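First up is the structure itself, then whatever we jot down about it.
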Amino acid sequence: MGSIGVTVLGSGSKGNAILVHNDRSGLLVDAGFSLKETRKRMAQMGLCESLVKGILVTHEHVDHVCGLRVCANHFQVPIYASRLCADHLHIKDAKLRVNVIFTPGEEFAVAGFKILPFSVQHDAVEPVGYVLSTSSRRVGIAMDLGQFGQMAEYQLRSCDTLALESNHDLDLLAASNRPWRLKQRILGSHGHLSNVQSQELLSRTISNNTQNLLLVHISRECNTYELAEQGAREKLQDLGRGDVSLQAAKQDEALPTVWA
Ligand SMILES: [Zn+2]
Ligand SMILES: [Zn+2]
Numbered sequence: 002m003g004s005i006g007v008t009v010l011g012s013g014s015k016g017n018a019i020l021v022h023n024d025r026s027g028l029l030v031d032a033g034f035s036l037k038e039t040r041k042r043m044a045q046m047g048l049c050e051s052l053v054k055g056i057l058v059t060h061e062h063v064d065h066v067c068g069l070r071v072c073a074n075h076f077q078v079p080i081y082a083s084r085l086c087a088d089h090l091h092i093k094d095a096k097l098r099v100n101v102i103f104t105p106g107e108e109f110a111v112a113g114f115k116i117l118p119f120s121v122q123h124d125a126v127e128p129v130g131y132v133l134s135t136s137s138r139r140v141g142i143a144m145d146l147g148q149f150g151q152m153a154e155y156q157l158r159s160c161d162t163l164a165l166e167s168n169h170d171l172d173l174l175a176a177s178n179r180p181w182r183l184k185q186r187i188l189g190s191h192g193h194l195s196n197v198q199s200q201e202l203l204s205r206t207i208s209n210n211t212q213n214l215l216l217v218h219i220s221r222e223c224n225t226y227e228l229a230e231q232g233a234r235e236k237l238q239d240l241g242r243g244d245v246s247l248q249a250a251k252q253d254e255a256l257p258t259v260w261a
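Read in order, the letters of the sequence shown correspond to residues 2 to 261 in this note's numbering.
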């Protein structure tokens, strides 16, 4: 009773969207695919469009917002973002209006969910991660962060389902032919979490409640789905939690819904 489903419609540097939902309502976290692609993937996963009651934005990078205005118009739902992120989105697209401005760290309620945005370190304008909860369930989402502080750790504890960035493998990043400037950006404190950092965040946030782990924002040039998954699986085993279900989110297709 009161279960929350998490459906990663797709994740990676070419687009991100995650639908967090129960059987009546849900919220999209980011709209980084076109409306057509978003609708197609929802339909493939058997998700009714009327579930969508709002869109929560993590940050303004194009892989998170490229379908934002069109999706919000189509679903006729409000957009939620932090103040500086909202200002930035409006500057980039004058037709885009963020309907609800929130303050990171302050909880609010939408469609039966409590939403807690929390600050993360990333090279974006006031970027956030989210915890979405009901009276009995918690879902934590941390995409696009260069490192995690106590804030992210604290907020992500006790989640039933965790979606954590596992962006790159250090060796594959080093071997890639990306320019040094870009490598520095990825590795920096405002870049992206490596597989090892992701596993560290997992070990600090896993709890008896944890049932599902989803690895998100996996780089296709500097990582592989298998590597990210294998590392996380070994970490779960080290932690004595081989029972946690684990999946790596894909760029080109949605993952089946996980429920907790
Ligand atoms: Zn991103
Ligand atoms: Zn980003």
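All C-beta atoms, glycine included, are put in the ideal place defined by N, C-alpha and C.
From a predicted model like this one, the values you see are computed outputs, not experimental measurements.
- Closer than 6 Å to some heavy atom of ligand 2: that does not describe the Cβ of histidine 218.
- Excluding five sequence positions before and after isoleucine 102, the CB atoms of its chain that fall closer than 6 Å to its own CB belong to Arg84, Ala87, given in chain order.
- Taking non-hydrogen atoms of ligand 1 into account, the C-beta of aspartate 239 is found less than 6 Å away from none of them.
- The straight-line gap separating the alpha-carbon atoms of isoleucine 219 and lysine 15 is approximately 10 Å.
- If you compare the alpha carbons of Gln212, Leu256, Ala229, Lys251 with that of valine 245, the shortest gap goes to Gln212.
- For alanine 125, the secondary structure class from DSSP, reduced to helix, strand or coil, is coil.
- The distance from the Cβ of leucine 157 to that of alanine 143 is about 6 Å, consistent with a contact at the 8 Å cut-off.
- Contact residues of ligand 2 (beta-carbon closer than 6 Å to any heavy atom; chain order) are His60, His62, His123, Ala125, Asp145.
- Counting only runs of 3+ residues, the beta strand (DSSP E) found wholly inside the segment 7-56 occupies 18-22, 27-30, in chain order.
- It is roughly 33 Å from the alpha-carbon of phenylalanine 149 to the alpha-carbon of arginine 25.
- In this structure, glycine 147 lies near histidine 191, with their beta-carbon atoms less than 7 Å apart.
- Taking C-beta atoms under 8 Å as the contact rule, asparagine 224 and aspartate 170 qualify, at a distance of about 5 Å.
- DSSP places threonine 206 in the helix class (H, G or I) of the three-state scheme.
- Proximity to valine 111 across Leu237, Val78, Lys41 peaks at Val78, based on C-alpha coordinates.
- Apart from the 5 residues on each side of it in sequence, leucine 97 sits with its Cβ closer than 7 Å to the Cβ of Leu69, Arg70, Leu90, His91 in its chain, given in chain order.
- Scanning Arg182, Ser208, Trp181, Leu216 for the CA closest to the CA of glutamine 198 turns up Leu216.
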